[in-house]
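Participant: First the structure, which I've put down as structure tokens, then a few questions once you've had a look.
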Amino acid sequence: MKNHFNILLLCCFSLNSASQNYDYTWIQINPSQDTTSNDPLDPPYPSAFLTFKTSPPTINYFNGNLIGLRAEMLMCDFQGSPLFYSNGYNIYHMNGVLMPNGDSLLPIAFQKDYPLGYPYPLAMMGLPRPGHDGDFYILQHYMENNWTYAPKMLLSMVTDVSDSVSGFVSFKNKVIFEGQNSNRIDFFNVTKHANGRDWWLVFSNIDTEAHTKTFYSYCLTPDSTYLAQSSMFVGYEPVPDNPWEIYTLQKVFSPDGKYFISHDPINGIRIHTFDRCTGALGPLYSIPFQMGHWYAGGVAVSPNSQFLYVSNAENVFQYDLTATDIVSTKDTVAVYDGYVDSSDGIPTLFGYPELGPDGKIYYFIQGHDWVHVISQPNIQGDACQFIQRAFKMPVRAGTHPFYPNYRLGPIDGTACDSLGINNEPLADFWWFTDSTLSVRFSDNSSYEPTHWAWEFGDGGISQDTSPVHTFPGNATYHVCLTASNQYAENTICKDVTLGSMATLAPEKPNRIRVFPNPTAGLVRWESQGLGNEAVRVYNLLGQLVLEKKVVENQLDLTGFSAGVYLLEFRVGDERFWEKVVKR
């Protein structure tokens, strides 16, 4: 049995890479073979996009006739426009056409054994190639034959692409690391080198004969990949004879690259400090933990790198990574409420989390379409606002998105800060509203700003990092944030709308009647002269929570929190709104 880990290199036209929005579109591929629909809005949806160019992110539908199971990846250019995607077997342009030489990332025999897609999660990641704007590496965890034995080899691939509909894979299946038959490679992750250009790839290799666990740090440079560090640590679980009995799952870096964290559902959370200059891991720190269910739970770190979120199937705990005694800071911030979707009987447990480019943490549930969200992960305790079933995707999750922190710069002033790259801030923010006029703003800027200047569009200003501002009334305000440090400043402006969408939207009476209203879940409607409509659902904060093409003039709101929602029907250039009360 052979196992692998891959790298692909894709080349685009040289562009200014300041935005670094490579992760602004997440893909969910339908984990089934039923992809016969020709209408991207007709169920079953072959795949869907979650796009972070808006806040909250919007859901878009995509009929790529692509089957995926547990390895799926989509890469955007630096501005956040989708370039290409993969299901672990092939690479496709965004028009659904196979990229030249983009087939057979895994052997055909393996694909025949697993026709629904690559069966290993967290297996594929894309990276911009160091020193080459618009070029991309792709890392892939790969194995052959019986997937109950984990991958053993690391492969490398290179692809050139000029835009979203052209390009080719220039070479593929280059081995970086190859283990032996008695070995197992755990999950991997990646962070930026202290020089602000190169990447660190870190993973562990387990030898079930020697009963040892060795960590490797590979450096990915513009034109080479080399092993920089390897080390073994005392304190890891006894290595069993059978590789299938090794349970180490998700590995993450904190956004600042200072911590490398492993999630082991049997033996606990393992934390190492990480030296972004040398690639060396620091001493082991362990947090006892039981996951509870093997298919759920994981780890994520807040955007400010202070709070670690650890989940099993039914609980989410918060730890303070900056504390001397991390274990003592444990705080329960979510408990599974027992909800089971009536349509399929699947419980909405807590799955793998992923930090989004908007600074929120998203929990995808394997086999389910609901997504949980931590809205303010930089805040301690329950104020982090864990929202169970915040929204639905139109495609059930086979895995979850898997991206590094693309917006991490050099460590200024260190010995490795040798390329003349400075941390020039990239401003960003998001906001949270309730029924009042008081709005909490949260800084989401990158590249180490030291000063913040807010203009709220009503004459108010602030220099706080994440201020709370009270507006004079319901309206749309043009809010701007300027983030700066000794090297540069950057400004971003966004429109913040206060007041219900029902108040701000024009009325279109006598065209649609929604019933029953209030409803416990299923709502239907009658309309004059309208066919099956594409429907958007907003909460009273004006946040889009669901968008889908409906059939038979009905929509299931089961699982939505009790409250008032606004249904928006779009027919051509016309829009129609109706309020519905969910009990």
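Residue numbering for the sequence shown follows the working numbering, starting at 550 and increasing by one per position. Positions of the beta carbon are idealized from the N, C-alpha and C atoms, including for glycine.
Within the continuous beta strand (DSSP E) that includes A862, where are the two ends?
Facilitator: Reading the sequence shown from its first residue, position 313 is the one you call residue 862. Run containing A862: none; DSSP gives neither H nor E here.
Participant: Across the segment 890-906 and the segment 868-881, are there enough close Cβ pairs to call them in contact, namely three or more that are closer than 8 angstroms?
Facilitator: No, the segment 890-906 does not touch the segment 868-881.
Participant: How close, in whole Å, do the beta carbons of L769 and D747 come, if the pair is a contact with beta carbons under 8 angstroms?
Facilitator: As a position in the sequence shown, residue 769 is number 220, starting the count at 1. As a position in the sequence shown, residue 747 is number 198, starting the count at 1. About 6 angstroms separates the two Cβ atoms, so the contact holds.
Participant: If contact is defined by three or more beta carbon pairs under 8 angstroms, each pair taking one atom from either stretch, is the segment 945-957 in contact with the segment 664-674?
Facilitator: In short, these stretches touch, since the Cβ pair count reaches three.
Participant: Grab the span of the alpha helix (DSSP H) containing F899 for me, first residue to last.
Facilitator: Here residue 899 refers to the residue found at position 350 when the sequence shown is read from its first residue. Unbroken run through F899: none, as it is neither H nor E.
Participant: Where in the segment 799-845 do unbroken runs of the beta strand (DSSP E), each at least 3 residues long, occur, reported from the N-terminal end onward?
Facilitator: List check, beta strand (DSSP E) in window: 800-802, 808-813, 817-822, 834-836.
Participant: Using the C-alpha atoms, what's the distance from M643 back to V714?
Facilitator: Locating residue 714 in the sequence shown gives position 165, where the first residue counts as 1. Locating residue 643 in the sequence shown gives position 94, where the first residue counts as 1. Looking at the two C-alpha atoms, the distance is approximately 6 angstroms.
Participant: Is A672 helix, strand or coil when you go by DSSP?
Facilitator: Along the sequence shown, read from residue 1 onward, the residue named residue 672 stands at position 123. A672: coil per DSSP, three-state reduction.
Participant: Just curious, the beta strand (DSSP E) that A849 is in, first and last residue?
Facilitator: What you label residue 849 is simply residue 300 of the sequence shown in a count that begins at 1. Element bounds for A849: 847-850.
Participant: Could you check if S635 is buried or exposed, using at least 16 other CB atoms within 10 Å of its CB as the buried criterion?
Facilitator: Position 86 of the sequence shown, counted from the first residue, corresponds to residue 635. Its Cβ being crowded by 16 or more others within 10 Å, S635 is buried.
Participant: Please confirm whether F990 and H1018 have their CB atoms less than 8 angstroms apart.
Facilitator: For the purposes of this step, residue 990 is identified with residue 441 of the sequence shown, where counting begins at 1. For the purposes of this step, residue 1018 is identified with residue 469 of the sequence shown, where counting begins at 1. Yes, these two residues count as a Cβ contact at 8 angstroms.
Participant: Excluding the five sequence neighbours on either side, which residues of its own chain have a C-beta within less than 7 angstroms of the C-beta of V945, listed in chain order?
Facilitator: What you label residue 945 is simply residue 396 of the sequence shown in a count that begins at 1. Correcting the residue identity first, residue 945 is Arg in this sequence and not Val. Taken in chain order, the residues that qualify are P580, G916, H917, D918.
Participant: What residue range is occupied by the uninterrupted alpha helix (DSSP H) comprising I657?
Facilitator: Position 108 of the sequence shown, counting from 1, holds the residue named residue 657. Residues 657-662.
Participant: Can the beta-carbon of T827 be found less than 8 angstroms from the beta-carbon of A777?
Facilitator: Here residue 827 corresponds to residue number 278 of the sequence shown, with the count starting at 1. Here residue 777 corresponds to residue number 228 of the sequence shown, with the count starting at 1. Yes, the Cβ-Cβ distance between T827 and A777 is below 8 angstroms.
Participant: Pop quiz: Q628 and Y955 are said to be a contact at Cβ under 8 angstroms. What is the actual Cβ separation, rounded to whole angstroms?
Facilitator: Here residue 628 refers to the residue found at position 79 when the sequence shown is read from its first residue. Here residue 955 refers to the residue found at position 406 when the sequence shown is read from its first residue. 12 angstroms between Cβ atoms; not a contact.
Participant: Between the alpha carbons of P902 and Y767, how many angstroms are there, rounded?
Facilitator: Within the sequence shown, numbered from 1, the residue matching residue 902 stands at position 353. Within the sequence shown, numbered from 1, the residue matching residue 767 stands at position 218. The straight-line gap from Cα to Cα measures roughly 25 angstroms.
Participant: Quick check on DSSP: helix, strand or coil for V876?
Facilitator: Numbered from its first residue, the sequence shown carries residue 876 at position 327. Helix at V876.
Participant: Mind pulling the beta strand (DSSP E) runs of 3 or more residues that sit fully within the segment 713-769?
Facilitator: Listed in chain order, the complete beta strand (DSSP E) runs (minimum 3 residues) inside the segment 713-769 are 715-727, 732-734, 738-741, 748-756, 761-769.
Participant: Within the same chain, show all residues whose beta-carbon is closer than 6 angstroms to that of Q934, passing over the 5 residues directly before and after it, in chain order.
Facilitator: Numbered from its first residue, the sequence shown carries residue 934 at position 385. S924, Q925.
Participant: Locate the beta strand (DSSP E) running through Y912, then write down its first and last residues.
Facilitator: Walking along the sequence shown from the start, residue 912 turns up at place 363. Per DSSP, Y912 belongs to the beta strand (DSSP E) from 910-913.
Participant: Near A1069, what residues of its chain come up, given a Cβ to Cβ distance below 7 angstroms and the 5 sequence neighbours on each side ignored?
Facilitator: For the purposes of this step, residue 1069 is identified with residue 520 of the sequence shown, where counting begins at 1. The residues are R1132.
Participant: Please say whether L632 and Y641 have beta carbons closer to each other than 8 angstroms?
Facilitator: Here residue 641 refers to the residue found at position 92 when the sequence shown is read from its first residue. Here residue 632 refers to the residue found at position 83 when the sequence shown is read from its first residue. The answer is no: Cβ separation not under 8 angstroms.
Participant: Taking DSSP as the reference, what is the three-state secondary structure of A620?
Facilitator: The sequence position of residue 620 within the sequence shown is 71, counting from 1. In the structure shown, A620 sits in coil (DSSP, three-state: anything other than H, G, I, E or B).
Participant: By Cβ distance, which residues of its chain are closer than 6 angstroms to L904, with the 5 residues on each side in sequence left out?
Facilitator: Numbered from its first residue, the sequence shown carries residue 904 at position 355. Only A849, I910 meet the Cβ criterion.
Participant: Would you decide whether R1062 is buried or exposed? Buried here means 16 or more other CB atoms lie within 10 Å of its CB.
Facilitator: Here the question's residue 1062 lines up with position 513 in the sequence shown. It is exposed - the Cβ of R1062 has fewer than 16 other Cβ atoms within 10 Å.
Participant: Taking the beta strand (DSSP E) that F598 belongs to, which residues open and close that run?
Facilitator: Here residue 598 corresponds to residue number 49 of the sequence shown, with the count starting at 1. 596-600 is the extent of the beta strand (DSSP E) around F598.
Participant: Taking the alpha-carbon positions, what's the V801 to G784 distance?
Facilitator: Position 252 of the sequence shown, counted from the start, is the residue given in the question as residue 801. Position 235 of the sequence shown, counted from the start, is the residue given in the question as residue 784. So the two alpha carbons sit approximately 19 angstroms from each other.
Participant: Is it buried or exposed, D886, if we count other Cβ atoms within 10 angstroms and call 16 or more buried?
Facilitator: One-based indexing of the sequence shown puts residue 886 at position 337. Classification of D886: exposed, given that the 10 Å Cβ count is below 16.
Participant: Alpha carbons only, please: which of S987, L898, T1014, G930 is nearest the one belonging to Y1026?
Facilitator: For the purposes of this step, residue 1026 is taken as the residue at position 477 of the sequence shown. Out of S987, L898, T1014, G930, S987 has the C-alpha closest to the C-alpha of Y1026.
Participant: Which of helix, strand or coil does DSSP assign to A1134?
Facilitator: Absent from the structure is residue 1134, since the part of the chain shown begins at 550 and ends at 1132.
Participant: For G1112, list the residues DSSP reports as bridge partners.
Facilitator: Taking the sequence shown and counting its residues from 1, the one referred to as residue 1112 is at position 563. G1112 pairs with K1131.
Participant: Helix, strand or coil: how does DSSP classify D709 here?
Facilitator: Here residue 709 corresponds to residue number 160 of the sequence shown, with the count starting at 1. Three-state result, D709: strand.
Participant: Smallest Cα separation from N744: which of E1117, S1015, C965?
Facilitator: Indexing the sequence shown from 1 puts residue 744 at position 195. Closest by alpha carbon: C965.
Participant: Among D992, G831, F809, Q937, which residue has its Cα nearest to the Cα of N738?
Facilitator: Within the sequence shown, residue 738 is the residue found at index 189, counting from 1. Comparing Cα positions, the closest option is F809.
Participant: List the endpoints of the continuous beta strand (DSSP E) containing P631.
Facilitator: What you label residue 631 is simply residue 82 of the sequence shown in a count that begins at 1. That run of the beta strand (DSSP E) goes 631-635.
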